[in-house]
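Student: FYI, the numbering used here numbers position 406 of the first sequence as 569, with every residue one higher than the one before it. Positions of the beta carbon are idealized from the N, C-alpha and C atoms, including for glycine.
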Amino acid sequence: MADDSKPLNFIQQTINSDLEAGLVDKVVTRFPPEPNGYLHIGHAKSICLNFGLAEQYGGDCHLRFDDTNPEKEEDEYVQAIIEDVQWLGFQWSGEIRYASDYFGQLYEWAQYLIREGKAYVCELNAEQMREYRGTLTEPGKNSPFRDRPVEESLTLLEYMKNGDVDEGLMTLRAKIDMASPNVSLRDPVMYRIKKVPHHRTGDAWNIYPAYDFAHGQEDAIEGVTHSVCTLEFASNRPLYNWFIENLPVPSTPHQYEFGRLNLNYSVTSKRKLKQLVDEGHVDGWNDPRMPTISGMRRRGVPAVSIRNFCDSLAVSKTDGMVDMSQLEHFIRDELNTNAPRAMTVLRPLKVVITNLPEDHLEQLIAPSHPTQHPNLDMGDRTLPFTREIYIDQDDFKEEYSKKFKKKLTPGKRIRLRNGYVIEADDYVKNEAGEVVQVNASLVPDTLGKDPADEIKPKGVVHWVSVQHSVDCDIYMYDRLFSDPLPDAGDKSFLDGINPESLQVLTGCKAELSLADATESTTYQFEREGYFCRDSKNGCKDSQNSSPDKLVFNQTIALRSAWAEAGS
RNA sequence: UGGGGUGUGGCCAAGCGGUUAAGGCAGCGGCUUUUGAUGCCGCCAUUCGGAGGUUCGAGUCCUCCCACCCCAGCCA
Numbered sequence: 164m165a166d167d168s169k170p171l172n173f174i175q176q177t178i179n180s181d182l183e184a185g186l187v188d189k190v191v192t193r194f195p196p197e198p199n200g201y202l203h204i205g206h207a208k209s210i211c212l213n214f215g216l217a218e219q220y221g222g223d224c225h226l227r228f229d230d231t232n233p234e235k236e237e238d239e240y241v242q243a244i245i246e247d248v249q250w251l252g253f254q255w256s257g258e259i260r261y262a263s264d265y266f267g268q269l270y271e272w273a274q275y276l277i278r279e280g281k282a283y284v285c286e287l288n289a290e291q292m293r294e295y296r297g298t299l300t301e302p303g304k305n306s307p308f309r310d311r312p313v314e315e316s317l318t319l320l321e322y323m324k325n326g327d328v329d330e331g332l333m334t335l336r337a338k339i340d341m342a343s344p345n346v347s348l349r350d351p352v353m354y355r356i357k358k359v360p361h362h363r364t365g366d367a368w369n370i371y372p373a374y375d376f377a378h379g380q381e382d383a384i385e386g387v388t389h390s391v392c393t394l395e396f397a398s399n400r401p402l403y404n405w406f407i408e409n410l411p412v413p414s415t416p417h418q419y420e421f422g423r424l425n426l427n428y429s430v431t432s433k434r435k436l437k438q439l440v441d442e443g444h445v446d447g448w449n450d451p452r453m454p455t456i457s458g459m460r461r462r463g464v465p466a467v468s469i470r471n472f473c474d475s476l477a478v479s480k481t482d483g484m485v486d487m488s489q490l491e492h493f494i495r496d497e498l499n500t501n502a503p504r505a506m507t508v509l510r511p512l513k514v515v516i517t518n519l520p521e522d523h524l525e526q527l528i529a530p531s532h533p534t535q536h537p538n539l540d541m542g543d544r545t546l547p548f549t550r551e552i553y554i555d556q557d558d559f560k561e562e563y564s565k566k567f568k569k570k571l572t573p574g575k576r577i578r579l580r581n582g583y584v585i586e587a588d589d590y591v592k593n594e595a596g597e598v599v600q601v602n603a604s605l606v607p608d609t610l611g612k613d614p615a616d617e618i619k620p621k622g623v624v625h626w627v628s629v630q631h632s633v634d635c636d637i638y639m640y641d642r643l644f645s646d647p648l649p650d651a652g653d654k655s656f657l658d659g660i661n662p663e664s665l666q667v668l669t670g671c672k673a674e675l676s677l678a679d680a681t682e683s684t685t686y687q688f689e690r691e692g693y694f695c696r697d698s699k700n701g702c703k704d705s706q707n708s709s710p711d712k713l714v715f716n717q718t719i720a721l722r723s724a725w726a727e728a729g730s
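1) Please classify Tyr590: does DSSP put it in a helix, a strand, or coil?
2) Excluding the five sequence neighbours on either side, which residues of its own chain have a C-beta within less than 6 Å of the C-beta of Pro607, listed in chain order?
3) Buried or exposed for Val430, going by 16 or more other Cβ atoms inside 10 Å?
4) For the beta strand (DSSP E) that Gly670 lies in, which residues bound it at each end?
5) Looking at the unbroken beta strand (DSSP E) that takes in Thr431, where does it start and where does it end?
6) Assign Lys208 to one of three DSSP states: helix, strand, or coil.
7) So for Pro401, helix, strand or coil by DSSP?
8) Assuming Arg462 contacts Asn716 under a Cβ cut-off of 8 Å, what Cβ separation, rounded to an integer in Å, is found between them?
9) Please classify Leu332 as buried or exposed, where buried requires at least 16 neighbouring CB atoms within 10 angstroms.
10) State the start and end residues of the unbroken alpha helix (DSSP H) segment that holds Val313.
11) Taking 8 Å as the cut-off, does the region 320-330 touch the region 384-397 (at least 3 CB pairs, one atom from each stretch)?
12) Using the rule of at least 16 other Cβ atoms within 10 Å of the residue's Cβ for burial, across every protein chain shown, is Ser209 buried or exposed?
13) Expressed to the nearest angstrom, what Euclidean distance is found between the alpha-carbon atoms of Glu258 and Leu512?
14) Can you tell me whether Asp704 is buried or exposed? The criterion is at least 16 other CB atoms within 10 Å of its CB, across all chains shown.
15) What is the rounded straight-line gap between the Cα of Ser683 and the Cα of Ser432?
16) Please report the Cβ distance between Ala282 and Met353, rounded to the nearest whole angstrom; I am assuming they are in contact, meaning their Cβ atoms lie under 8 Å.
17) State yes or no: is the C-beta of Tyr693 within less than 7 Å of the C-beta of Ala466?
18) Can you give me the Cβ contacts of Gln600 inside the same chain, cut-off strictly under 7 Å, excluding the 5 residues immediately before and after it?
19) What do you get for Ala651, buried or exposed, if any count of 16 or more other CB atoms within 10 angstroms of its CB means buried?
20) Would you kindly check if the distance between the Cβ of Val241 and the Cβ of Pro198 is under 7 Å?
21) Whole angstroms are fine: how far does the CA of Asn345 sit from the CA of Asp486?
22) Take Ser256 as the anchor and find which of Val478, Leu498, Val190 has the nearest alpha-carbon.
23) Identify, in the order they occur along the chain, each residue of the same chain with its Cβ nearer than 6 Å to the Cβ of Phe421, setting aside the five sequence neighbours on each side.
24) Pairs of beta-carbons, one from the region 619-633 and one from the region 575-583, closer than 8 Å: are there three or more?
25) Tell me which residues share the same chain as Thr681 and place their Cβ nearer than 8 Å to its Cβ, disregarding the 5 neighbours each side in the sequence.
26) Under 8 Å Cβ to Cβ from Arg510, same chain only, skipping five residues before and after it: list those, please.
27) What are the start and end residues of the beta strand (DSSP E) that includes Ile719?
28) Tell whether a beta-carbon distance below 7 Å holds between Ile244 and Pro195.
29) Which of the three DSSP states, helix, strand or coil, is assigned to Tyr742?
30) Pairs of beta-carbons, one from the region 375-383 and one from the region 396-410, closer than 8 Å: are there three or more?
31) Looking only at its chain, what residues have a beta carbon closer than 6 Å to the beta carbon of Gly252, apart from the 5 residues adjacent to it on each side?
32) Tell me whether Trp405 is buried or exposed, calling it buried when 16 or more other Cβ atoms sit within 10 Å of its Cβ.
33) On the CB-based measure, 16 or more other CB atoms within 10 Å of its CB, does Gly222 come out buried or exposed?
34) Distance check for Pro520 and Val629, CA to CA, integer angstroms please.
35) What are the boundary residues of the beta strand (DSSP E) that includes Ala282?
36) Can you tell me the Cα-Cα spacing of Ile126 and Met541, whole angstroms?
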């Protein structure tokens with residue numbers, strides 16, 4: 164039985180009644196990606212649903228590649244999909260399956276249907292077939308080849324298989340009903356000729372089964388009980404059932420459709436994502452701005468955030484548009500509790516603490532996480548504190564104002580995070596009029612306590628030692644699309660691309676402990692956001708990359724109740 | 001104008017005829033805070049696409065209407 168702390172979705176309700184009625188005794192589901200692109204957040208919902216169902220009911224979930232169209236499928240995608248599913252934290256039952264494992268069986272069943280008088284080889288070309296199919300409001304008409312002798316179809320199918328027929332000349336069609344109001348029942352194509360090598364079967368086949376003739380039978384072969392797919396397949400269900408009913412399949416799976424995930428400010432269509440990659444709008448399928456699993460991983464989004472997000476989504480038949488902020492919530496939620504803290508100055512401004520000796524070096528102790536949870540004690544780190552430090556340019560203002568009360572301004576105090584209170588005395592500008600150095604004095608005896616004179620600093624600022632810090636580049640990301648609905652209307656989704664979705668910051672100064680950061684840890688750079696070391700060491704402008712260069716991707720910003728000056 | 005599906009606050013969504021229509025996200029106030037983060041407290045649908053009807057009682061049942069999504073690939 165499923166967890167009853169949450170209301171059951173309609174699929175769980177169905178499973179419960181199937182179980183009670185004794186219709187099934189073990190739940191078997193499957194995640195059936197076509198290896199024609201990388202997995203995205205929409206697939207994550209399906210993965211969490213299918214693997215989740217199997218887990219909840221003590222059943223199995225298969226990973227099966229639906230590789231029935233060699234023109235679009237590649238092994239690279241197979242490998243990427245496997246990696247993504249595993250990274251998300253799921254393990255399939257048994258071996259990885261492939262539709263292509265069943266090509267032989269499918270072929271036999273095609274012959275069976277021909278012998279039963281329920282399938283025939285049709286010689287209508289694509290255009291003719293469209294004409295014969297009719298329209299949504301008018302019935303189609305029968306193909307002139309519909310009633311050809313069984314033996315003839317059998318022979319012709321053999322020819323098709325052996326490569327003796329050119330592409331487009333013949334198809335194998337199911338004989339159902341050309342007048343059906345459901346267009347997918349108007350003698351659908353079961354096999355088409357494609358003289359294209361397949362990533363697994365090579366050139367063994369010259370014909371490949373169409374989705375409708377393959378999917379349900381694959382489910383039946385594997386003993387899948389609940390075949391969950393998205394809404395657009397609802398009108399295919401009668402056809403799915405027709406094959407199951409008319410073939411000697413070993414089991415009777417059932418198809419259920421749920422609403423696919425749509426996210427605003429995003430596209431979740433493999434075709435469009437591929438276009439972004441192919442046309443160079445992004446740095447590959449795993450560009451951190453992509454809504455792909457690999458893109459989010461590279462950006463530092465934890466797998467558990469994606470799972471929690473997916474689990475929060477309703478499994479229903481409404482096709483809604485989920486707010487990006489809902490995904491972001493689960494990213495921040497996880498990272499806030501589990502990301503180690505560090506300090507990195509994005510736009511360095513040197514501060515000289517003039518009442519400290521030149522060679523002052525003090526090791527300050529800072530917790531790696533602010534809440535030292537008993538189960539989550541990340542320990543401490545040391546922060547070298549010296550006479551010269553960097554703070555962010557934005558944390559110093561020449562003029563004090565109430566708005567800047569939490570920033571460092573001349574004559575005012577600020578607390579250095581995990582350190583002392585300092586007071587700004589004066590500052591130096593360059594020819595361009597930019598502040599390039601601030602001279603300050605340390606307020607003594609303020610480590611872990613307020614100043615003795617009780618003039619408490621209003622703000623806290625992160626910092627890093629000039630001598631004891633490491634250089635890095637930081638890639639700041641904004642949403643890939645500025646258009647909340649890039650898919651809507653008849654404009655091109657490319658028009659919705661945000662030209663400022665990537666901003667590269669160079670010469671950033673990171674706390675020393677970050678020098679050996681790995682791509683699998685996402686940090687909170689305090690007061691700045693969450694960041695993760697880039698696995699590719701730079702993106703887009705790879706000339707900037709060197710193997711030992713430190714590059715961080717911004718995973719997501721901290722929430723902020725404070726509007727920046729000028730904005 | 002065929003068939004299939006869906007309509008509950010800005011977004012997602014529970015609700016399966018009977019107290020004042022859950023919850024999450026977003027937003028807005030306030031408190032706490034060595035992250036303007038986190039945390040905590042409070043506010044946020046006289047109303048369930050619309051109109052009729054059944055009923056002592058309807059978001060939940062019936063009728064009609066409206067809107068939106070999917071289907072006419074030898075894609076999946």
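Tutor: According to the structure data:
1) In the structure shown, Tyr590 sits in a strand (DSSP, three-state: E or B).
2) Once the five neighbours on either side are set aside, Pro607 has no close Cβ partner at all.
3) The residue is buried, with at least 16 neighbouring Cβ atoms inside 10 Å.
4) Its beta strand (DSSP E) spans residues 665-674.
5) Segment: none, Thr431 is in no beta strand (DSSP E) and carries neither H nor E.
6) The answer is helix: DSSP assigns Lys208 an H, G or I state.
7) Residue state, collapsed to three classes: helix.
8) With a beta-carbon spacing of about 5 Å, Arg462 and Asn716 fall inside the 8 Å limit used to define contacts.
9) A residue is called buried once 16 or more other Cβ atoms fall within 10 Å of its Cβ, and Leu332, having fewer, is exposed.
10) Where Val313 is concerned, the enclosing alpha helix (DSSP H) stretches over 313-325.
11) Three or more beta-carbon pairs separated by less than 8 Å are not found between the region 384-397 and the region 320-330, which leaves the two stretches without contact.
12) Result: buried.
13) Straight across, the Cα-Cα distance linking Glu258 with Leu512 is about 56 Å.
14) Residue confidence is low: Asp704 scores 46 on pLDDT, short of 50, so the model does not pin down where it sits. Its coordinate-derived value is still stated next. Around the beta-carbon of Asp704, fewer than 16 other beta-carbon atoms lie within 10 Å, marking it exposed.
15) If I take the Cα positions, the gap works out to 27 Å.
16) About 6 Å separates the beta carbon of Ala282 from that of Met353, a gap short enough to meet the 8 Å contact definition.
17) No.
18) The beta carbon of Gln600 lies closer than 7 Å to those of Lys513, Val515, Tyr590, Val591 in the same chain, with the five residues before and after it left out.
19) By the neighbour-count rule (16 or more Cβ atoms within 10 Å), Ala651 is not buried but exposed.
20) It is a contact, given that the beta carbons lie within the stated cut-off.
21) Going by the C-alpha atoms only, they are around 34 Å apart.
22) Of the residues Val478, Leu498, Val190, the one whose Cα lies closest to the Cα of Ser256 is Val190.
23) Val478.
24) Under the Cβ criterion (8 Å, minimum of three pairs), the region 619-633 counts as touching the region 575-583.
25) For Thr681, same chain residues with a beta-carbon under 8 Å away, outside a window of 5 residues either side, are Arg696 in chain order.
26) So the list reads Asp555, Gln556, Asp557, Leu668, Cys671, once near-sequence residues are dropped.
27) Start and end: 714-720.
28) Ile244 places its beta carbon 7 Å or farther from that of Pro195.
29) Outside the shown range of the chain, which is 164 to 730, sits residue 742, and nothing can be said about it.
30) Cβ pair count under 8 Å is three or more, so yes.
31) So the qualifying residues of the chain are Ala466.
32) Buried is the call here.
33) The residue is buried, with at least 16 neighbouring Cβ atoms inside 10 Å.
34) The C-alpha of Pro520 is placed about 14 Å away from the C-alpha of Val629.
35) Its beta strand (DSSP E) spans residues 282-285.
36) The structure shown does not extend to residue 126, since the chain is modelled only from 164 to 730, so the question has no answer here.
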